Structure formats: C-alpha cells, structure tokens
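Residue numbering for the sequence shown follows the numbering used here, starting at 392 and increasing by one per position. C-beta: ideal position from N, C-alpha, C; glycine also. If you're wondering where the values come from, they're calculated on a predicted model, not measured in any experiment. Beneath this line is the structure, given in structure tokens, with notes to follow.
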Amino acid sequence: MISSLGSSLRPLGLGLLSFILISCTDASEPEPTEAGASISFVHPEDGATLEGNSVVLRLEASGIEIVPEGTMEGGTGHHHFVVDADLPPAGAPIPTVEGTYIHLGQAQTEYELTGLASGEHVVIAVVGDGIHIPVDPWVVDTVRFVVP
Numbered sequence: 392m393i394s395s396l397g398s399s400l401r402p403l404g405l406g407l408l409s410f411i412l413i414s415c416t417d418a419s420e421p422e423p424t425e426a427g428a429s430i431s432f433v434h435p436e437d438g439a440t441l442e443g444n445s446v447v448l449r450l451e452a453s454g455i456e457i458v459p460e461g462t463m464e465g466g467t468g469h470h471h472f473v474v475d476a477d478l479p480p481a482g483a484p485i486p487t488v489e490g491t492y493i494h495l496g497q498a499q500t501e502y503e504l505t506g507l508a509s510g511e512h513v514v515i516a517v518v519g520d521g522i523h524i525p526v527d528p529w530v531v532d533t534v535r536f537v538v539p
C-alpha cells in the first residue's frame with residue numbers, strides 16, 4: 392500500500408518541482424543597471440546648515456530612468472530615502488518605516504522632509520526596482536546636513 396502511494400505521488404512531486412523551477416526563472420526580472428548610472432543630491436548641499444527643521448530633498452539621475460514603482464524593466468527604478476539609518480542588505484527590499492525609509496513610488500525627484508530634530512542628519516538616496524530591491528549595481532548618493 393505504501394509503495395503504491397509513493398508511486399502515485401511521484402508525478403505530483405515532479406509537477407511541483409517543475410513549477411518551482413519555472414517560477415524561479417522569472418522572465419520579468421530586470422537586467423542589471425548600467426555601471427555608469429548615478430544619482431546625486433541637487434539640494435541640500437552636503438554639509439549645509441538648515442534654517443529650520445525641514446528640507447526639500449531634490450535628486451537628479453543619469454544613466455537610469457526614474458519610473459513609477461511596479462515597473463520591472465532594466466535601466467529603470469524609483470527613488471527611496473533612508474534617513475539616519477542603514478541601507479538594507481544586498482538583495483533585500485527597502486523596508487517601509489515612516490520617517491526613516493521613504494518611498495517615492497510615483498517617479499518623483501523631490502520630497503519635503505519635515506519635523507527634523509536638532510543635530511546632524513544623514514540621508515541616503517537609493518534607487519530601487521519595481522519591487523523596492525536596490526538596483527544592481529547599487530545607485531546611491533549621500534548628503535549630510537545640520538538642523539540648528
């Protein structure tokens with residue numbers, strides 16, 4: 392009885408294995424980003440002292456097209472800001488944490504960061520793919536500023 396049960400489950404197991412292998416080779420996975428792709432902070436200037444407790448973060452991109460989240464095409468992505476925190480590990484999605492990990496999912500290139508505490512702040516801009524995983528190779532820039 393056990394022998395016949397095992398042989399009747401074998402086709403199911405092979406079918407499941409085939410499904411998993413096909414699923415892991417997702418044709419929608421984007422090609423790597425060009426090695427020359429970059430983003431840079433246009434505002435604020437690195438090392439600036441702000442006049443208040445808010446700042447408009449403004450970026451420009453080169454060699455990569457900034458598109459809405461959900462777009463899974465090579466050479467594209469959308470901006471994220473990491474405020475006073477670390478980047479996620481390679482291959483992991485950028486988390487959503489209000490005030491710390493900020494997603495610009497509509498292809499925006501600027502964001503007003505408000506309610507900053509007095510002191511030094513570090514903001515890292517990173518381009519993520521359509522599902523918020525940093526593009527490969529990473530496209531990042533960092534700005535430091537002081538809130539009086």
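The ligand MN and Q497: does the residue's C-beta get closer than 7 Å to at least one heavy atom of that ligand?
You won't find the ligand MN in this model; it holds no ligand whatsoever.
Among P480, S453, V446 and H523, which residue has its Cα nearest to the Cα of D532?
Counted from its first residue, the sequence shown places residue 532 at position 141. When only C-alpha atoms are compared, the closest one is S453.
Whole alpha helix (DSSP H) elements within the stretch 478-528, 4-residue minimum
DSSP runs (the alpha helix (DSSP H)) wholly in the stretch 478-528: none.
Which residues mark the beginning and the end of the beta strand (DSSP E) in which I455 is found?
Looking up residue 455 in the sequence shown gives position 64. For I455, there is no enclosing beta strand (DSSP E), as DSSP marks it with neither H nor E.
What are the boundary residues of the beta strand (DSSP E) that G468 is part of?
Residue mapping note: residue 468 aligns to position 77 of the sequence shown, counting from 1. Under the DSSP assignment, G468 falls in the beta strand (DSSP E) whose first and last residues are T467 to V474.
Looking at the unbroken beta strand (DSSP E) that takes in S429, where does it start and where does it end?
Mapped onto the sequence shown, residue 429 falls at position 38. That run of the beta strand (DSSP E) goes S429 to H434.
Taking the alpha-carbon positions, what's the I522 to L504 distance?
For the purposes of this step, residue 522 is taken as the residue at position 131 of the sequence shown. For the purposes of this step, residue 504 is taken as the residue at position 113 of the sequence shown. About 23 Å.
Between H512, P525, R535 and V537, which has its C-alpha nearest T467's C-alpha?
If you number the sequence shown from 1, residue 467 lands on position 76. Ranking H512, P525, R535 and V537 by CA distance to the CA of T467 puts P525 first.
Can you give me the start and stop residues for the beta strand (DSSP E) that V462 sits inside?
Here residue 462 corresponds to residue number 71 of the sequence shown, with the count starting at 1. Strictly speaking, residue 462 in this sequence is Thr, with Val absent from that position. Unbroken run through T462: none, as it is neither H nor E.
Residues near W529 by beta carbon distance below 6 Å, same chain, minus five either side:
Stepping through the sequence shown from its first residue, residue 529 is reached at position 138. Non-local beta-carbon contacts of W529 in its own chain, meaning distances under 6 Å to residues more than five positions away in sequence, are absent.
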